[in-house]
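Residue numbers for the sequence shown follow numbering that gives the first Met the number 0, beginning at 0 and rising by one. Just so you know, even glycine gets a beta-carbon here, dropped at the ideal spot from N, CA and C. These notes concern the structure reproduced below.
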Amino acid sequence: MPSVFGKIRRTLLKENRFSKYLLYIIGEVVLVVIGILIALQINNWSETRKRSAEEQRLLVALVEDFEQNKIRIEEAISRERDMIEMSRSLIAAMQSNQKVVNKDSVRFWVASGAKSWWKAQFVTGTYDAMVSSGKIDILESDDLKRILSQFAADINSGFEDHDESMSYLVEMNRISADVAPALLHDIQREKLGVLLSYEELDEPVEKLITNNVYLGLLISKTWLETLRVEYQEKLLTYIDEILTICKAQQNK
Numbered sequence: 000m001p002s003v004f005g006k007i008r009r010t011l012l013k014e015n016r017f018s019k020y021l022l023y024i025i026g027e028v029v030l031v032v033i034g035i036l037i038a039l040q041i042n043n044w045s046e047t048r049k050r051s052a053e054e055q056r057l058l059v060a061l062v063e064d065f066e067q068n069k070i071r072i073e074e075a076i077s078r079e080r081d082m083i084e085m086s087r088s089l090i091a092a093m094q095s096n097q098k099v100v101n102k103d104s105v106r107f108w109v110a111s112g113a114k115s116w117w118k119a120q121f122v123t124g125t126y127d128a129m130v131s132s133g134k135i136d137i138l139e140s141d142d143l144k145r146i147l148s149q150f151a152a153d154i155n156s157g158f159e160d161h162d163e164s165m166s167y168l169v170e171m172n173r174i175s176a177d178v179a180p181a182l183l184h185d186i187q188r189e190k191l192g193v194l195l196s197y198e199e200l201d202e203p204v205e206k207l208i209t210n211n212v213y214l215g216l217l218i219s220k221t222w223l224e225t226l227r228v229e230y231q232e233k234l235l236t237y238i239d240e241i242l243t244i245c246k247a248q249q250n251k
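Put into structure tokens, the structure is as follows:
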């Protein structure tokens, strides 16, 4: 093809047809430019397809991660609410003026409330990999990127109450160590081979429910658990928003 164009150029020059030669040159340049533009367009289209395919892959992975996160945090919130309810029942019993308190109920409230502690472990592998590799910019939705960033920031720095709540639990366990055998469930005592008489079961419970230091720690821990539930409900809102946006972007 170049040799054909060359022959045409030489023929036009020999015949001294400069104006036609000039038009020919311009036409040839235009064809070259058009060819370059078409090549660039094809390349851009190919890159766009690759970027779109990668975004869809990331969206699928994000949905998998955050559906798992939703299950985990809903379970943690449910268990923490039960724990708070049991703790409040124990607080009420310890603050009451009743001389007779059901010892089995106290054991249940201690085991299911005072001694309980829950925390959701989140799946963040896809998001962490996106950030470290720079692929976060592949996501087209600015809202999705913003909420993902906020979620990550909150789970990394927003659980200050976790450690404080755990410290209360550790101290409560230390204070109640001498009555711990009496606070076990029947099945637990049987499996551990702990044998206690009725007096040995009841006296430690009476001792515990009159311990004001234990009561103070329990109140503080229960308040922190209430704050933790509110905080995790906020995270659940983030998770729902992330899933909604991801699924909408998948269906585009």
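Excluding the 5 residues flanking it on each side, Trp117 has same chain C-beta neighbours closer than 6 Å at Ala75, Arg78 and Glu79, in chain order. When Val228, Ala176, Ser148 and Pro180 are compared, the shortest CA-CA separation from Glu84 is found for Val228. Distance check between Trp222 and each of Arg56, His161 and Ile72 places His161 closest, using alpha-carbon atoms only. The C-beta distance from Leu168 to Ala181 rounds to 19 Å, too long to fall under 8 Å, and the pair is not in contact. Glu224: member of the alpha helix (DSSP H) spanning Asn211 to Gln249, first to last residue. Two segments are said to touch when three or more pairs of C-beta atoms, one from each, lie closer than 8 Å; by this definition the stretch 209 to 220 does not touch the stretch 120 to 131. According to the DSSP assignment, Glu139 belongs to no alpha helix (DSSP H), since it is labelled neither H nor E.
If you look at Gly192, you'll find it isn't in any alpha helix (DSSP H); DSSP assigns it neither H nor E. Met165 has its alpha-carbon roughly 23 Å from the corresponding atom of Thr209. In this structure, the beta-carbon distance from Ser104 to Asp81 does not fall below 8 Å. When the five nearest sequence neighbours on each side are left out, the beta carbons in the same chain lying within less than 7 Å of the beta carbon of Gln55 are those of Gln249, in order along the chain. Not a single unbroken stretch of the beta strand (DSSP E) spanning 3 or more residues falls wholly within the stretch 35 to 120. Secondary structure of Gly124 (DSSP, three-state): helix.
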